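Numbered by mature numbering (1 follows the signal peptide of the UniProt record, and there is no 0), the letters in the sequence shown go through residues -24 to -1, 1 to 551 in order.
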Amino acid sequence: MTSGYPVLWIALVICSLVSSSVDGVYLEPDQNVSIPAGWTHTGRVADSDQILLTFALKQQNLGKLKEYLEQVADPQSPQYGKYLSLDQLAGLIQPSEETLKVSRKWLRNHGIHNCSTVQTLDFLQCSMPASTAEKLLPGLEFNRYTNGHQTLVRSPLLYKIHKEVAEHVDFVGGIHRFGSQKSVISKAWKTFKYGKAGFHMGVTPSVIRKRYNLTESDIGSHENNSQAVAQFLEQYFHQMDLAEFMKLFGGSFMHHTKVDNVVGSQGRGKARLEASLDVEYIMSSGANITTWVFSNAGRHESQEPFLQWLLLLSNMSSVPWVHSVSYGDDEDSLSVAFMNRVNIEFMKAGVRGLTILFASGDDGAGCRMVSKGINAFRPNFPASSPYVTTVGGTCFKNPFQITTEVSDYISGGGFSNVFKMPDYQVSAVKSYLKRMKSLPPESYYNISGRAYPDVAALSDNYWVVSNLIPIPWVSGTSASTPVFGGILALINDRRFQKGLPALGFVNPLLYKLQENGTSQAFFDVTEGCHLGCLDERTQAQGFCTTEFWDPVTGWGTPNYPALLQALLAYKQDYP
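Structure, rendered in structure tokens:
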């Protein structure tokens, strides 16, 4: 990705563009429209080629939505755990009649009739010829790009929207963002001569269970429980791989050997390491729990697969309680309008009782060049969202023994440049900043931004089965996230058995649990640092770990029995 821009510069540009626009308003003037490395321009689209655009319509009662989320996530609130149904949520936030009327009239006036919406009515997805799209949104110029595996239709130019419509739309999807995701790494992919998997040491389900104190009896059993992973950009898993993985590594704990529900198209291509990893490990730690896979391939050239996943959540009355997602992008590559709206989608999930986890990334603190000779750390989104639980990575201090953990140097973490620090973590983060004797220069990060990750799990040296081949030494926070997700799904299972509500948006609860300093719910990670900028001032070092919370491993890794006991204690008696 290309480097970002100073916040003041962005603000001036926004004001200038909005105020000086004669025939329209730029909804996303700060969107980075440069073409990412690895993508090649192949030509303009034909006027008749179909384009799929997604209109994020303005919602109502966002203040009430935020307030309600804070209440249902606070165990001291009378509203704790009183989640909304999709119908109730729609009644709270769906766009005003004026917004619906204006937006639909605008589209009809341009001859656009092939549209669909979602149950909450706050997204409108429409198909139209490219020539119509370019007239609808002045400034657009649709082109095709390829990375050798995929072809996408995107515009390298910003779009405007008519003034009378601009106040009713947050942004238009399917125009700019190429999308990326956290990639797993296998040091053995090209060099290892495959043999029997059981003869090589590495992280397997039995290692995860031993380290985090899960026994053979720690499995799911409640019929209402469920968990999910989301896959994007041609990432597929194969049911046969899962069956083979469980045969080789499943051990004696009860588990499923087949995904229960696949939402979307799986395609017929080869399985990919990312998808195989996610499915195999959420179903190992969250053993015997109904598991879904949201497969958002992005086959439609102008579809944004991440946005498509959000639309699915807004249109399904029954969805899994825990979602593990290994997807992200640099904050500075995305528009603020897009990120703000995605945050609202996470709030919508939270008031429905869903727990959303994101991988923190595999670039440490990240690095971008602000100007010649001046660098800054590069936070990742959605990892930096205040409304998701972000999972960092660790490795064993001795890679061949189940011992204490140290930070994985790739573990993503830091401070958002867009979102302010949420109240639930202010005390923990300020304590870290005060206690650390050595911190990176303050010019490298936003000391008042949302800090992440929140928690961590092992992210190094995993065994994965993909295309029926056992692959060792797979690493990345894409591994730690489904592991932690499965553990939270197990805790949900025990809560359901006791008549308690789902954990939902769990961050306020985790920070409240840990801040008294006496909890044994996490193994504190106190050794190691992660990557920063390769320059003289930081010498490739970002932040370092310490006791309690830190922006490399969060609160640490789960000690399942203690975490379960602590989270079962949080309940609210209600009729």
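Heads up, the beta-carbon is just placed ideally off N, CA and C, and yes, glycines get one too.
Treat the numbers as computed from the prediction; the structure is a model and nothing was measured.
Around the CB of Asp339, 16 or more other CB atoms lie within 10 Å, so the residue is classed as buried. Your pair Ala432 and Gly390 does not check out as a contact, with CB atoms roughly 14 Å apart and the cut at 8 Å.
Fewer than three pairs of CB atoms, one per stretch, sit closer than 8 Å, so the stretch 347 to 359 makes no contact with the stretch 375 to 385.
For the stretch 25 to 69, the continuous alpha helix (DSSP H) assignments of 4+ residues that do not extend past its boundaries occur at 38 to 48 and 62 to 69, in sequence order. Within the model, the alpha-carbon separation for Gly14 versus Arg130 is close to 15 Å. Between the stretch 352 to 364 and the stretch 432 to 449 there are fewer than three inter-stretch CB-CB distances shorter than 8 Å, so the stretches are not counted as touching. Judged by beta-carbon spacing, Ala341 lies beyond the 8 Å limit of Ser419, meaning their Cβ atoms are not closer than that value.
Straight-line measurement puts the Cα of Asn483 at about 32 Å from the Cα of Phe376.
Residue state for Leu409 is assigned as helix, using DSSP reduced to three classes.
About 50 Å separates the CB atoms of Gly115 and Leu466; that is not less than 8 Å, and the two are not in contact. Judged by pairs of C-beta atoms under 8 Å, the stretch 323 to 333 does not touch the stretch 387 to 404, as fewer than three such pairs exist.
Within the stretch 472 to 500, the complete alpha helix (DSSP H) runs of at least 4 residues fall at 483 to 490. The criterion of a C-beta distance shorter than 8 Å is satisfied by Asp236 and Thr266.
If you check the CB distance, Ala204 and His299 come in under 8 Å. With the rule of 3 Cβ pairs closer than 8 Å, the stretch 62 to 71 does not count as touching the stretch 103 to 117. According to the DSSP secondary-structure assignment, Phe314 is paired through a beta bridge with no residue. In this chain, the alpha helix (DSSP H) harbouring Met216 covers Gln215 to Phe225.
Look at Glu280 here: in three-state DSSP terms it is coil, with no helix or strand label. In this structure Gly508 is buried. Its beta-carbon is surrounded by 16 or more other beta-carbon atoms within 10 angstroms.
For Gln541, the enclosing alpha helix (DSSP H) starts and ends at Tyr536 to Leu544. Counting only the Cα atoms, Tyr257 lies some 25 Å from Trp525. Ser336 has its alpha-carbon roughly 7 Å from the corresponding atom of Ser387. Secondary structure at Leu333: strand, using DSSP grouped into helix, strand and coil. The Cβ atoms of Arg317 and Asp194 do not sit closer than 8 Å to each other.
Boundaries of the beta strand (DSSP E) around Trp449: Ile445 to Ser451. DSSP places Trp439 in the uninterrupted beta strand (DSSP E) bounded by Tyr438 to Ser442.
In the DSSP assignment, Ile184 falls within the alpha helix (DSSP H) that extends over Pro181 to Arg187.
The beta carbon of Thr180 sits closer than 6 Å to the beta carbons of Phe225 and Trp439 from its chain, once the five residues preceding and following it are set aside; these are given in chain order. In the three-state reduction of the DSSP assignment, Asn319 falls in the helix class, which pools H, G and I. Beta-bridge pairing by DSSP links Lys396 to Gly425. Looking at the DSSP output, Trp82 sits in no beta bridge, so it has no partner there. Judged by DSSP in its simplified three-state form, Phe391 adopts strand.
Inter-segment contact for the stretch 495 to 505 and the stretch 285 to 305 is absent: fewer than three beta-carbon pairs are separated by less than 8 Å. In the DSSP assignment, Thr108 falls within the alpha helix (DSSP H) that extends over Ala106 to Leu112.
Pairing Cys520 with Asp436 gives a Cβ-Cβ distance that is not under 8 Å. For Arg185, the closest of Asn201, Asp6 and Pro534 by C-alpha to C-alpha distance is Pro534.
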